[in-house]
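Report on the following structure.
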Amino acid sequence: MVQFKKNLRYQVDLSWDGESGGFVGCENCDDLKVDVPREFTGLGRSPCPDQLFLASIGGCLLTTFLHFKGRFKIDVVDVNISIFEDITLIRSEGYRIRSVKAAMCVKGKPGDADIIKRCTELAKDYCHITKSIEGCIPLDVSVEVIF
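The sequence shown begins at 0 in numbering that gives the first Met the number 0 and counts up by one.
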């Protein structure tokens, strides 16, 4: 049985690349970079911080689902997650994220429908990133299970 730690800490270090972006250093991430999007005079060579933020949300939903998939010992054919954010420019405050929407699609076997749906609900309930931001940003996570 997995022993869960009560407290965790992760660290990421960034360094400027000398142009319009930077290198992200962390355990297990050798090639992660960030860049200013072209629409903001950057070179747009790498994901912008908003894309990495959305990837973090999607990654948390995915890995949380995979955790429960493993615990319940179910087989799935595929899992896809698409995430969108709406951003608004407020003249006196700058840009603000107004909403985040995630669409999770799991392809499985018809006999596993109930347990797959349960795992998707658990992923929504236990993804600590979505749980941490939902009080600050309107967040909608929809789930579709197909066979």
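Heads up, the beta-carbon is just placed ideally off N, CA and C, and yes, glycines get one too.
Where residue i sits in the DSSP three-state scheme
| i | result |
| --- | --- |
| leucine 138 | strand |
| phenylalanine 3 | coil |
| isoleucine 128 | helix |
| aspartate 111 | helix |
| phenylalanine 146 | coil |
| glutamate 84 | strand |
Residue span of the beta strand (DSSP E) that contains residue i, given as start and end
| i | result |
| --- | --- |
| arginine 104 | According to the sequence provided, residue 104 is cysteine. The question's arginine does not apply to it. 93-107 is the span of the beta strand (DSSP E), which, as asked, contains cysteine 104. |
| isoleucine 73 | Careful: isoleucine 73 lies outside any beta strand (DSSP E) and carries neither H nor E. |
Whole-number beta carbon distance between residue j and residue i, since they are thought to touch under 8 angstroms
| i | j | result |
| --- | --- | --- |
| lysine 106 | valine 140 | About 18 angstroms; that fails the 8 angstroms criterion. |
| threonine 63 | alanine 122 | 4 angstroms |
| threonine 119 | valine 142 | 4 angstroms |
Bridge-paired residues (DSSP) for residue i
| i | result |
| --- | --- |
| cysteine 28 | Cys25 |
| aspartate 12 | Gly24 |
Next on the checklist: So within the region 31-61, which uninterrupted beta strand (DSSP E) runs reach at least 3 residues, ignoring any that extend past its ends?
Outcome noted: 32-34
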